[in-house]
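Chains as they are written, first to last, in our numbering: chain A, 273 to 494; chain B, 273 to 494.
Structure follows, in structure tokens:
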């Protein structure tokens, strides 16, 4: 059984739950989810750091003790470590698979550090946090990332020419909740259409509800 | 022939030159290198943005017009799109290949945004740039990334258990020149030993010399 260490309101962690859903893997039968309260320091304990010195979730652990970190690498492993009929989530030839990775590196470098961080600041820091001064810059860069996605989706159904897969899952992670960070999707019709296509995929699992205290902070954020 | 658009002093771009060297690919025979002066806006021209809307190098273009961006995705393609004897640079089973990707995502998320950006600020911004106020924080986070690498290298020769490959190349990109950003490697003997092992690999290509104006800024940086 795979053990997933994750924080349910994290888009990076939700990516794994989403792919596991598409793969038909059942909680408590095929994997166990251990909730890690990362906003309150649970990834900084000596025990956690002994498994992931970089102090981040998600992390997976196999029964033999092997550990893997980095959400997008875990997606690649889950998609490849399945019967061929399921390998479609990381499908294609060497070029198509590398294009899938290209979008996943885009997500971690040009998208997540702005869209996810803006959301974190809005919902997981006090209303008087000095970090809120970063929001205008983060939102500007977040919109730049969304514009790159919108342009691709104007002529493409998915982020890989081989079909729906782990690049879409990686980008769905924080795009679907960009509004929590004050980054509205109104100007991106192609992205909104793509989000609906993702939600219509068999086995789709929505992100669990965000806690009331975080929702309240999001609602009060400017 | 592959066309590589790159800025020679960029560690992200140098990764490609390094793997091409290991693969025995010769400049002007197997690939052409087009120098892009990214610090002076050459990735923001309409022509460049029409090929990469994200406005970054490196980028590769094939003779049929296909384009790929994101240094680490290009490494994955170059390593996979070669005869099996050469596929050793992205070798192993699904787990080992995903672990290779894990280190490459670590590089882009937890290493490059600090170590490469500190170097850029030191060598490519004026001495009175307000961005220099970020240097202490960037250096602190850079050292955190180096500590994670040091811990891995204390018991491992390379970043993939399948041997020297694209994870090492990705991390070499900016680790070898971390000192340019004021991030010394003195406290990391395992990293320094690994850098020497990388330099001893057949086909290793050193980064071309940094321009005098940038070296002068680096020398004057605090």
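From the three backbone atoms N, C-alpha and C, an ideal C-beta is built for every residue, glycine too.
Chain B residues whose Cβ lies nearer than 7 angstroms to that of residue i
i, result
"residue 428(A)", "Those do not exist, as residue 428(A) stays about 13 angstroms from chain B at its closest Cβ, beyond 7 angstroms."
"residue 325(A)", "420, 423"
"residue 491(A)", "Ordered by position in chain B, no residue passes the 7 angstroms Cβ test against residue 491(A), which lies about 29 angstroms from the chain."
C-alpha distance - residue i paired with residue j, whole-angstrom precision
i, j, result
"residue 365(B)", "residue 385(A)", "30 angstroms"
"residue 340(A)", "residue 353(A)", "13 angstroms"
"residue 314(B)", "residue 292(B)", "24 angstroms"
"residue 276(A)", "residue 301(B)", "48 angstroms"
"residue 480(A)", "residue 381(B)", "25 angstroms"
"residue 307(B)", "residue 388(B)", "19 angstroms"
"residue 415(A)", "residue 484(A)", "27 angstroms"
"residue 443(B)", "residue 455(B)", "15 angstroms"
"residue 494(B)", "residue 401(B)", "12 angstroms"
"residue 369(B)", "residue 325(A)", "20 angstroms"
"residue 410(A)", "residue 378(A)", "16 angstroms"
"residue 323(A)", "residue 335(A)", "14 angstroms"
"residue 500(A)", "residue 311(A)", "Limits of chain A in this structure are 273 at one end and 494 at the other, which puts residue 500(A) out of reach."
"residue 487(A)", "residue 348(B)", "40 angstroms"
"residue 476(A)", "residue 294(A)", "6 angstroms"
"residue 317(B)", "residue 383(A)", "22 angstroms"
"residue 332(B)", "residue 319(B)", "15 angstroms"
"residue 288(B)", "residue 427(B)", "27 angstroms"
"residue 450(B)", "residue 337(B)", "35 angstroms"
"residue 408(A)", "residue 406(B)", "18 angstroms"
"residue 240(B)", "residue 327(B)", "Since the first and last residues shown for chain B are 273 and 494, residue 240(B) lies out of range."
"residue 403(B)", "residue 297(B)", "39 angstroms"
"residue 342(A)", "residue 367(B)", "13 angstroms"
Close-in-space but distant-in-sequence residues of the same chain around residue i (CB under 7 angstroms, 5 per side omitted)
i, result
"residue 440(A)", "430, 431, 470"
"residue 413(B)", "386"
"residue 452(A)", "391, 394, 395, 490"
"residue 460(A)", "418, 422"
"residue 346(A)", "288, 330, 332, 340"
"residue 283(A)", "388, 445, 446, 449"
"residue 299(B)", "305"
"residue 309(B)", "279"
"residue 321(A)", "327"
Chain B residues whose Cβ lies nearer than 8 angstroms to that of residue i
i, result
"residue 485(A)", "Within chain B, no residue comes near residue 485(A); the closest Cβ sits about 27 angstroms away, beyond 8 angstroms."
"residue 352(A)", "366, 369, 370"
"residue 363(A)", "Ordered by position in chain B, no residue passes the 8 angstroms Cβ test against residue 363(A), which lies about 14 angstroms from the chain."
"residue 472(A)", "Near residue 472(A) there are no residues of chain B at all, since even the closest Cβ is about 27 angstroms away, more than 8 angstroms."
Residues near residue i in its chain [Cβ-Cβ closer than 6 angstroms; skip 5 each side]
i, result
"residue 285(A)", "278, 279, 329, 330"
"residue 467(A)", "448"
"residue 344(A)", "376, 442"
"residue 482(A)", "281"
"residue 290(B)", "441, 477"
9 angstroms Cβ cut-off: residues of chain B touching residue i
i, result
"residue 341(A)", "374, 377, 378"
"residue 349(A)", "366, 367, 369, 370, 371, 373, 374"
"residue 488(A)", "By Cβ distance, chain B contributes nothing, its closest Cβ being about 29 angstroms from residue 488(A), past 9 angstroms."
Own chain partners of residue i with C-beta closer than 8 angstroms, once the 5 adjacent residues on each side are dropped
i, result
"residue 463(B)", "418, 421, 422, 425, 447, 457"
"residue 359(A)", "351, 352"
"residue 492(A)", "399"
"residue 372(A)", "362, 364, 431, 432, 434, 437, 438, 439"
"residue 304(B)", "273, 274, 275, 276"
"residue 473(B)", "294, 436"
"residue 465(A)", "425"
Within chain A, the residues that residue i reaches when beta carbons sit closer than 7 angstroms
i, result
"residue 388(B)", "The premise fails here: residue 388(B) is roughly 11 angstroms from chain A at the closest Cβ pair, so nothing lies under 7 angstroms."
"residue 462(B)", "Chain A residues near residue 462(B): none, gap ~13 angstroms exceeds 7 angstroms."
"residue 314(B)", "Going along chain A, no residue has its Cβ under 7 angstroms from residue 314(B), so there is no contact; the nearest lies around 18 angstroms."
Distance cut-off 6 angstroms: residue i Cβ against heavy atoms of the ligand PLP
i, result
"residue 288(B)", "Here there are no bound small molecules, and the ligand PLP is not part of this structure."
Taking a Cβ distance cut-off of 9 angstroms, strictly less, list which residues of the region 370-382 of chain A are near chain B, in chain order. 370, 371, 372, 373, 374, 375, 376, 377, 378, 380, 381, 382
Could you give the uninterrupted runs of the alpha helix (DSSP H) lying entirely in the region 341-426 of chain B, keeping only those of 4 residues or more? 343-352, 366-378, 384-396, 407-425
Please identify, using Cβ separations under 9 angstroms, the residues of the region 405-433 of chain A that lie next to chain B, in order along the chain. 416, 417, 419, 420, 423, 424
Could you run through the region 429-460 of chain B and flag, in chain order, every residue whose CB is less than 9 angstroms away from some CB of chain A? none
Please specify which runs of the beta strand (DSSP E), each continuous and at least 3 residues long, are wholly inside the region 304-335 of chain B, giving them in chain order. 331-333
Which ranges would you report for the alpha helix (DSSP H) in the region 439-479 of chain A if only whole runs of at least 4 residues count? 461-471
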